Amino acid sequence: MSHDMVRAAHHDAAFPVDPDLPVDNPGIEEHVPRYTDVEVAAGNRAYRRVLALLALVPVLAIVNVVCYFAIPRNVGFNVLGTNFNAHALALGLTGGLAVLLIGIALVSWGRDIMVDEEIAEERHPAASSPEERAAALVKVKAGIHESQASRRKLILGALGGGVGVLALPAIVLLADMGPHPTAATRRETIERTIWAEGVRLVNDVTAKPLKASDLEIGQLVNAQPENLFYLHGTDYLVEKSKSSLIIVRMDPASIKIPASRQDWQVDGILAYSKICTHVGCPISLWEQQTHHLLCPCHQSTFDLANSGVVVFGPAARALPQLPITTDADGYLVARGDFTVPVGPSYFERDSSKDFKEGDQ
Ligand code: FES
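Note that the numbering used here has the sequence shown beginning at 9, numbered continuously upward.
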């Protein structure tokens, strides 16, 4: 077959051969109707499948709410060496499955039920004429009609119902945002740590008590309260996140120690909260020469030789310092809890006791 014959064979009136173009416009391939368009029974099955998937969504939403209240939070089990929390697993599975079913139903609707038509859009005219716009509007209306308008309403109803009932678990989960932060609740939670008078400072990896005489000038150690290791599970994690310390030893002659904090340190050994006062990242990038501590998250920099004041970055207040001393055996111990809440700021926080540059 000659080249011209091939070109002619590939084109119809909608895609005329243009002798100026190097490659022919191949046009749209012949439309192959879907099985669900050809077989009425298959179309009905697809329609029922979409409805069935959407009907399961409210069921799962209700099961999710029931699981929230029925399964105790401390029930766990172990599968192949991995620990699972039954409460979290049930909520995750039912909630996730509900969202997955909505997704599958939408894909199935679009693939099997909506109108199946291939359209080639010509590029040249950027704006359509009023006549073309009017003609397009007629086509859109016809498309809506052809997209199984009566079925569409039922599917949309089922979709709306499923998504609407899914709001229930979302509302129930709001209860897990924690207790209302009254002053009393704050005092017992975020404004308190397990540091107390006489609690030893221990190495956070070995859990061994730290002796003042073992720390050298220029050294930094991550530390925890000894009583942290009596806790387990969530209690352990919550208290660890508030109590973590960094201990540094500096030459006392090279640092500023305000009069009110003279007895908070032991021969240049100072203890600071490890939790950044910006948004709470753990910090331990210590620049020995400048005595600066750098937070890796947003580069807040604290001067540990000057009561932890901020010298750079978005943190708005100094790192809280823990008053320390030594016990009869020479081990570092706390003199009490932090005098200000550790970690990020919050609306109700009283900032009057925060250390500021120039305080004595
Ligand atoms: S959390 Fe430390 S600078 Fe933002």
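Quick reminder that beta carbons are idealized off the backbone N, C-alpha and C, glycines included.
Bear in mind that the values here come from a model prediction, so they are computed numbers and not experimental data.
Run through the DSSP bridge pairs and tell me what residue i is partnered with.
| i | result |
| --- | --- |
| Asp243 | The partner list for Asp243 (beta bridge, DSSP) is empty, contrary to what the question assumes. |
| Ser292 | BP columns for Ser292 are empty, so no partner. |
| Phe85 | Phe92 |
| Ala231 | Asn211, Leu253 |
| Ile332 | Ala342 |
| Phe310 | Leu301, Val318 |
| Lys219 | Tyr339 |
| Val274 | Ile277 |
Taking the beta strand (DSSP E) that residue i belongs to, which residues open and close that run?
| i | result |
| --- | --- |
| Phe320 | 317 to 320 |
| Thr193 | Thr193 -> not in any beta strand (DSSP E); alpha helix (DSSP H) instead, spanning 191 to 196. |
| Val123 | No beta strand (DSSP E) contains Val123, which DSSP labels as neither H nor E. |
| Leu302 | 300 to 302 |
| Val341 | 340 to 342 |
| Leu278 | 277 to 281 |
Check whether the Cβ of residue i sits closer than 7 angstroms to any heavy atom of the ligand FES, and report yes or no.
| i | result |
| --- | --- |
| Gln296 | no |
| Ser116 | no |
| Ala323 | yes |
| His286 | yes |
| His306 | yes |
| Cys289 | yes |
| Cys75 | no |
In angstroms with no decimal places, state the Cα-to-Cα distance between residue i and residue j.
| i | j | result |
| --- | --- | --- |
| Val274 | Leu330 | 12 angstroms |
| Arg15 | Ile127 | Note that Arg15 scores 45 on pLDDT, short of 50, meaning its location in the model is unreliable and no value can be drawn from it. |
| His18 | Asn52 | Residue placement at His18 cannot be trusted, given a pLDDT of 47 that sits under 50; what the coordinates show is reported in the next sentence. His18 and Asn52: Cα-Cα distance of roughly 36 angstroms. |
| Asp12 | Gly168 | The pLDDT assigned to Asp12 is 48, lower than 50, so where the model puts this residue is not dependable, and the model offers no usable value. |
| Ser10 | Arg56 | Caution is warranted here: a pLDDT of 44 is assigned to Ser10, below 50, making its placement in the model unreliable, and the coordinate value is therefore given only provisionally. For Ser10 and Arg56, the distance between alpha carbons rounds to 52 angstroms. |
| Ala342 | Trp272 | 9 angstroms |
| Leu97 | Val71 | 13 angstroms |
| Gly206 | Gly338 | 12 angstroms |
| Asp311 | Val210 | 23 angstroms |
| Pro217 | Gln232 | 9 angstroms |
| Cys305 | Cys289 | 7 angstroms |
| Tyr244 | Phe237 | 7 angstroms |
| Ser129 | Gly35 | In the sequence on display, residue 129 carries Glu and not Ser. Using only the alpha carbons, I get a separation of about 11 angstroms. |
| Val83 | Asn91 | 10 angstroms |
| Glu356 | Val348 | 13 angstroms |
| His39 | Glu125 | 8 angstroms |
| Leu278 | Ile198 | 23 angstroms |
| Ile283 | Thr201 | 13 angstroms |
| Ile152 | Ala60 | 23 angstroms |
| Thr334 | Lys219 | 8 angstroms |
| Val246 | Leu239 | 10 angstroms |
| Ala94 | Leu109 | 22 angstroms |
| Ser268 | Ser308 | 25 angstroms |
| Ile263 | Trp203 | 25 angstroms |
| Glu295 | Leu301 | 6 angstroms |
| Ala50 | Pro30 | 44 angstroms |
| Arg276 | Leu101 | For the record, residue 276 in the displayed sequence is Gly; it is not Arg. If you take the alpha carbons of Gly276 and Leu101, they lie about 53 angstroms apart. |
| Ala106 | Val67 | 9 angstroms |
| Ala150 | Val123 | 10 angstroms |
| Ile255 | Leu228 | 6 angstroms |
| Ala21 | Lys147 | Reliability fails at Ala21, whose pLDDT of 48 lies under 50, so the model's placement of it is uncertain and no value is given. |
| Ala144 | Ala135 | 13 angstroms |
| Leu182 | Leu64 | 23 angstroms |
| Asn86 | Gly186 | 27 angstroms |
| Gly104 | Gly111 | 11 angstroms |
| Val319 | Cys303 | 12 angstroms |
| Arg160 | Ile121 | 9 angstroms |
Under DSSP, the alpha helix (DSSP H) around residue i begins and ends at which residues?
| i | result |
| --- | --- |
| Phe77 | 48 to 78 |
My understanding is that residue i touches residue j, with C-beta atoms under 8 angstroms, so please give their C-beta distance in whole angstroms.
| i | j | result |
| --- | --- | --- |
| Pro322 | Val350 | With 8 angstroms as the limit, Pro322 and Val350 do not qualify as a contact, their Cβ atoms being about 17 angstroms apart. |
| Val213 | Trp117 | About 55 angstroms separates the two Cβ atoms, so there is no contact after all. |
| Asp367 | Pro266 | 6 angstroms |
| Leu62 | Ala113 | 5 angstroms |
| Ser292 | Ala324 | Actually they are not in contact, since the Cβ atoms of Ser292 and Ala324 sit about 21 angstroms apart, beyond 8 angstroms. |
| Met258 | Ala326 | Contact flag wrong, Cβ pair sits at about 16 angstroms. |
| Val171 | Tyr76 | About 19 angstroms; that fails the 8 angstroms criterion. |
| Thr234 | Arg208 | What sits at residue 234 in the sequence shown is Glu, not Thr. Rounded, the Cβ-Cβ distance is 4 angstroms, consistent with contact. |
| Pro177 | Val73 | 6 angstroms |
| Phe363 | Val317 | 7 angstroms |
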